[in-house]
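Colleague: One structure coming up, written as structure tokens, with questions to follow.
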Amino acid sequence: MAEHSLDHPGIALKEYQIATEVLGRPAGFDPQSDSTVRVQAGRLRVKLAEYYGQEGIDDPILVEIPKGSYALTFAPRPVKSSGPVMAATPVEQAERKIPVLSANRGWPIAVIVLSVLLASSFITSAILLAQRTRVQSATAPAAPPELQLFWNRFVTSPQQPWVIFSNGSFVGRPETGMRYFHSDSDQRSFILDHYTGVGEVLAIHQLDHTFELLNRPLRVKRGALFSLDDAKNNDLIFVGSPTENLTLLDIPGTQDFIFQRLDAGPRKGDLAVINVHPQPGEQKFFVGTPANQPTTEDYAIVSLLPGLDPSRSIMILAGATTFGTQAAVEYVCREDDLKSLLQRLNVSRPADLKSFEAVLHVRIAHGVPVTTDLIALRTRNN
């Protein structure tokens, strides 16, 4: 709260900010059901009162946290009365005139001096914080130019981008076995929607590292908690396929390459990437390792699309499995892979980067993506 008062004077902290940025609560934190912040603030108020009643009893300035607020206030300590005043003789009154007047004049002066000292300390602290920030910025490693070029619109937009990761709907218990929710046979009240894949976890870590290099914070939310209101005026990065990242089903998506379960043939029921408009020499669909075998092959989609607001952008990074999703994110965070992709797209400056859809072929060994190759690419004019 003290740092916030220095960095943003006059702007109170929100309960949500403290919960997510200080106490480590997830992006889906709900203040109505979790009173952690209010409890901690209450404890701070009690501790401040104890301090000013004991060690700080002679402190001239009181620091307080008003109830219902998370902004610090500073005020001079009220002057205490010294008790009943006995009637004085004229001589005593005459003798006291000068000291009393001096005290009356001295108190405002003391307040002014203390205020100046307090303001000076704030200014000094602010300068030190600014210098520290500049030093950190100066010493931070510069992001490779390929990263800066590819992610430019997400870095320069007014709002921090949202990363929405997939979390499928499951039924069952971890200790007895879990499976995907089936709407025709399972009750919605039994859904577990707080699990995600290992690939999604590693993907978010990779994105966070990349955007740290780009000096741009990210906001992260699981798909089950994301709404269309969140999508309207923000740049979005979807991590995971529409089969689990269900929000993707409600917004404009890919047109040339789509995820769909095969409805015929020996791989019927398996999730594949459908090639809607195959070019000469291309397959009509791309499907990885069968579901009943250890995963050694997968396919993923990387796509840049206009958002619900055309001035905003959507990035889709999704594999048919969690390993493909991890590979897709790693692909757009690696300098060499981006260099190859940008060359294929004929992009040399941010304005050249238009909407596109790409398919990646991923080889997997022991649950780790080991090779990722770009095998199909489509571009748009918008």
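All the letters of the sequence shown, read from the start, carry residue numbers 3 to 384 under this note's numbering.
We put the CB at the ideal spot given by N, CA and C, even for glycine.
Keep in mind it's a predicted model, so treat the numbers as computed, not measured.
So which of H363, V364, L344 has the shortest CA-CA distance to T1?
Modeller: Nothing can be reported for residue 1, as the shown portion of the chain is limited to 3 through 384.
Colleague: Check the C-beta distance from V364 over to Y301 and give it rounded, since I have them as a contact under 8 Å.
Modeller: V364 to Y301, Cβ: 7 Å. Contact.
Colleague: Is V165 closer than 7 Å to V222 when the C-beta atoms are compared?
Modeller: Yes.
Colleague: For L50 and V65, which I take to be in contact (beta-carbon distance under 8 Å), what is that distance rounded to the nearest angstrom?
Modeller: Right, the Cβ-Cβ distance comes to about 7 Å (below 8 Å), so this counts as a contact.
Colleague: By DSSP's criteria, L379 is part of a beta bridge. Which residues make up the other side?
Modeller: According to DSSP, which records beta bridges pairwise, L379 is partnered with A360.
Colleague: Examine the Cβ distances between the stretch 317-327 and the stretch 351-364 and report whether three or more of them are shorter than 8 Å.
Modeller: At 8 Å Cβ cutoff, the stretches touch.
Colleague: V289: which of A330, E299, R224, F31 sits nearest, CA to CA?
Modeller: It is E299 whose Cα lies nearest to the Cα of V289.
Colleague: Verify whether the separation of the beta carbon atoms of R336 and L379 is less than 7 Å.
Modeller: Not a contact, by the Cβ cut-off of 7 Å.
Colleague: Less than 7 Å between C-beta atoms, sequence neighbours within five positions excluded: which residues of the same chain meet that for H6?
Modeller: If we look at H6 and ignore the five residues flanking it on each side, its Cβ neighbours are L15.
Colleague: Between the C-alpha atoms of S168 and I206, what's the straight-line distance to the nearest angstrom?
Modeller: So the two alpha carbons sit approximately 11 Å from each other.
Colleague: Out of curiosity, what's the CA-to-CA distance linking D265 and I276?
Modeller: So the alpha carbons of these two residues sit roughly 12 Å apart.
Colleague: So L310 and S357 are in contact, right, with Cβ under 8 Å, and what is the actual spacing, rounded?
Modeller: In fact, because the Cβ distance is near 14 Å, the residues do not count as touching under 8 Å.
Colleague: Could you check the C-alpha separation between R314 and T374 for me, to the nearest Å?
Modeller: Taking the straight line joining both Cα atoms gives about 28 Å.
Colleague: What are the boundary residues of the beta strand (DSSP E) that includes G201?
Modeller: No beta strand (DSSP E) contains G201, which is instead part of the alpha helix (DSSP H) from 200-215.
Colleague: Out of E359, Y333, A293, P268, state which residue places its alpha-carbon closest to the alpha-carbon of P308.
Modeller: When each option's Cα is compared against that of P308, the closest is E359.
Colleague: Under the DSSP definition of a beta bridge, which residues are partnered with R175?
Modeller: Looking at the DSSP assignment, R175 forms a beta bridge with G179.
Colleague: Thinking P33 and Y53 are a contact (beta carbons under 8 Å), I'd like their distance in whole angstroms, please.
Modeller: At roughly 27 Å, the Cβ-Cβ gap does not stay under 8 Å, so P33 and Y53 are not in contact.
Colleague: Rounded to whole angstroms, what is the Cα-Cα separation between L204 and R224?
Modeller: Answer to the nearest angstrom: the Cα atoms are 14 Å apart.
Colleague: If you draw a straight line from the C-alpha of A4 to the C-alpha of I63, how long is it?
Modeller: Going from the Cα of A4 to the Cα of I63 covers about 15 Å.
Colleague: To the nearest whole angstrom, what separates the beta carbons of I67 and A43, a pair I think is in contact under 8 Å?
Modeller: Yes, I67 and A43 are in contact; Cβ-Cβ is about 6 Å, under 8 Å.
Colleague: What is the DSSP secondary structure of G290, reduced to helix, strand or coil?
Modeller: Coil, per DSSP.
Colleague: At the level of alpha carbons, what is the spacing between G339 and V39?
Modeller: Contrary to the premise, residue 339 reads as Asp rather than Gly in this sequence. Roughly 43 Å separates the two Cα atoms.
Colleague: Leaving aside the five residues before and after Q150 along the sequence, list all residues of the same chain whose C-beta is less than 8 Å from its C-beta, in chain order.
Modeller: Within the same chain, Q150 has close Cβ partners V157, L216.
Colleague: Could you give the distance in angstroms between the alpha-carbon of A329 and the alpha-carbon of D231?
Modeller: Cα-Cα distance, rounded: 29 Å.
Colleague: Span of the beta strand (DSSP E) holding Y53?
Modeller: Taken as a continuous stretch (DSSP letters only), Y53 belongs to no beta strand (DSSP E), being part of the alpha helix (DSSP H) at 38-55.
Colleague: Output the boundary residues of the beta strand (DSSP E) element that contains A320.
Modeller: Here the beta strand (DSSP E) through A320 covers 315-321.
Colleague: Specify, as a first and last residue, the run of the alpha helix (DSSP H) that S342 falls within.
Modeller: Per DSSP, S342 belongs to the alpha helix (DSSP H) from 337-346.
Colleague: Going straight from the alpha carbon of A274 to that of A73, what length do you get?
Modeller: About 53 Å.
Colleague: Roughly how far, in whole angstroms, is the beta-carbon of G312 from the beta-carbon of N154, given that I think they are within contact range, below 8 Å?
Modeller: Correcting the residue type first, residue 312 is Pro in the shown sequence and not Gly. Incorrect: roughly 17 Å between the Cβ atoms, too far for contact.
Colleague: With distances taken Cα to Cα, identify the nearest neighbour of G283 among V241, L209, I377, P146.
Modeller: Nearest option by C-alpha distance: I377.
Colleague: Leaving out the 5 sequence neighbours to the left and right, which residues in its chain are closer than 6 Å to V113 when beta-carbon positions are compared?
Modeller: Confidence at V113 is low in this model, with a pLDDT of 47, below 50, so the placement of that residue should be treated as unreliable; the coordinate-derived value is given next. Cβ neighbours of V113 beyond the five flanking positions: P78.
Colleague: Return the bridge partner residues of D300 from the DSSP annotation.
Modeller: DSSP, once it has assigned bridges, lists V364 as partnering D300.
Colleague: Do you know offhand how far V278's Cα is from S37's?
Modeller: Cα to Cα, V278 sits roughly 50 Å from S37.
Colleague: Would you decide whether G255 is buried or exposed? Buried here means 16 or more other CB atoms lie within 10 Å of its CB.
Modeller: It counts as buried.
Colleague: What whole-angstrom Cβ distance do V334 and F152 have, given they're in contact under 8 Å?
Modeller: Indeed they touch by this definition, with Cβ atoms about 7 Å apart.
Colleague: Smallest Cα separation from P176: which of H211, Q162, D354, T198?
Modeller: That would be T198, whose Cα lies nearest to the Cα of P176.
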